[in-house]
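Okay, so here's the structure we're looking at.
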Amino acid sequence: MPNEPFNRAGNSAMKRIGRPRKNPNRTPTKERILEAAAQAFSQAGYASVGLDEIARRVHLTRPSLLYHFGSKEELYRQVLLNRILALGQALAEISKQGGDAAERIDNLLNGFITFLDQHPEFAALLLRDMMDGRGPSRELLASTLVPLLDGVEENILAEDQTTLTEEVPIREALLQLASTALVYWASPTFRVTDHPSPLLVPQLNGLALPFRAGSAKTKYTQRKVSL
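The sequence shown begins at 10 in this note's numbering and counts up one residue at a time.
Structural data, given as structure tokens:
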């Protein structure tokens, strides 16, 4: 083979010099790109962010970024998918706690709020995408969020339904609760602290009240919501 001597020489040189050591504490390039893209898209929206800007944030050239993600659309979809999968995993763990329907709602809502606390850019990403309508993610959201919502609803109704009032529109109430939390976390201008405002807590309580038989069930407190 004509290239074999060069390959042998290269391998021999690498043995003498040694391969560059990887820094175990350094975040892999692909993860850094995804994180930078999540921040950029959440701040300005899909249409307003270019690959050059994302590459600049992670100190890469545009060709280097495209080596990891073939297009802006692919990168954007992966950012959203990663966040949605992480949310699904978090809620799946919480659903194992069991309890009656009202307790499950408390646990799932607080888990959702905790997730938004840990990933504040997710709320802005989701709301911008829904309002903008120019992002390439409608099919992705339909194929991931709808099954996720189905799973949450099934979990609430899984066993004890005695604490639910009759004819409660479960899905509509869940969407109201989630939308309220999303708007709050996506609007840093209106947030005076890193925790839910006193106005948010009673609003969540009021929306969740129809899930409970009477008003004796656990309500959201400032401490509980801001896990």
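Backbone N, C-alpha and C define an ideal beta-carbon position, used for all residues, glycine too.
Non-local beta-carbon contacts of R71 in its own chain, meaning distances under 6 Å to residues more than five positions away in sequence, involve L60, D61 and A64 in chain order. Residue burial is scored here from C-beta neighbours: Y85 has at least 16 other C-beta atoms within 10 angstroms and is therefore classed as buried. Within the model, the alpha-carbon separation for D126 versus Y76 is close to 32 Å. Secondary structure of P129 (DSSP, three-state): helix. With contacts defined by Cβ atoms closer than 8 Å, L134 and S51 form a contacting pair. Contact between the stretch 148-167 and the stretch 98-118 is present: three or more C-beta pairs spanning the two stretches fall below 8 Å.
Non-local beta-carbon contacts of E40 in its own chain, meaning distances under 6 Å to residues more than five positions away in sequence, are absent. Contact between E82 and P156 does not hold, since their C-beta atoms are separated by about 22 Å, which reaches or exceeds 8 Å. For the options I122, I42 and G97, the alpha carbon positioned closest to that of L74 is the one of I42. Membership of Q185 in the alpha helix (DSSP H) is indicated by the continuous run I179 to W194. Buried is the label assigned to L118, since at least 16 other Cβ atoms lie within 10 Å of its Cβ. Rounded to the nearest angstrom, the gap between the Cα atoms of L149 and L90 is 8 Å.
Exclusion of the five residues before and after A45 leaves I63, R66 and V67 as the residues of its chain whose Cβ lies within less than 6 Å of its Cβ. For P72, the uninterrupted alpha helix (DSSP H) segment begins and ends at R71 to H77. In the three-state scheme derived from DSSP, where H, G and I count as helix and E and B as strand, T38 is classed as helix. Nearest neighbour of L186 by Cα position, chosen from Q48, V88, G120 and K105, turns out to be G120.
The C-beta separation of I93 from L154 comes to about 7 Å, placing the pair in contact by the 8 Å criterion. Rounded to the nearest whole angstrom, the CA to CA distance from T189 to E181 is 12 Å.
Q48 is a Cβ neighbour of E130, given a cutoff of 8 Å.
Residues of the same chain with a CB within less than 7 Å of the CB of G97, apart from the 5 flanking positions on each side, are L157 in chain order. About 15 Å separates the beta carbon of A99 from that of W194, a gap too long to meet the 8 Å contact definition.
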